[in-house]
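According to this note's numbering, the sequence shown holds residues 615 to 683 in order.
Reviewing the structure listed below.
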Amino acid sequence: MIAGPPGGSARLGDALRSSREALNDIQRQLDALLSAVQAPAGRPPPDAADRLRRASKRAGIAINRLATL
């Protein structure tokens, strides 16, 4: 068995955790948008698109980090 770099599994675990958290944030943002659209007023908050955009960017960064491991 070939050993990876020291601390490699810890870095991988951190990267996987970060990407999971980032993807969960996207899911929360999408759930909030869906709830807002289905509400009687039918309008999402004015900053909803920006929050989703930031969550998507964080997820992209976290997933790209996995590719470097």
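In this text, a Cβ means the ideal position worked out from N, Cα and C, and glycines have one as well.
From 682, 668, 647, residue whose alpha carbon lies closest to that of residue 658:
647
Backbone CA spacing between residue 683 and residue 650 [nearest angstrom]
38 Å
Is it true that the CB of residue 652 sits closer than 8 Å to the CB of residue 666?
no
Do residue 673 and residue 636 have their CB atoms nearer than 8 Å?
yes
Own chain partners of residue 669 with C-beta closer than 6 Å, once the 5 adjacent residues on each side are dropped
639, 640, 643
What span of residues does the alpha helix (DSSP H) with residue 626 cover, start to end?
622 to 652
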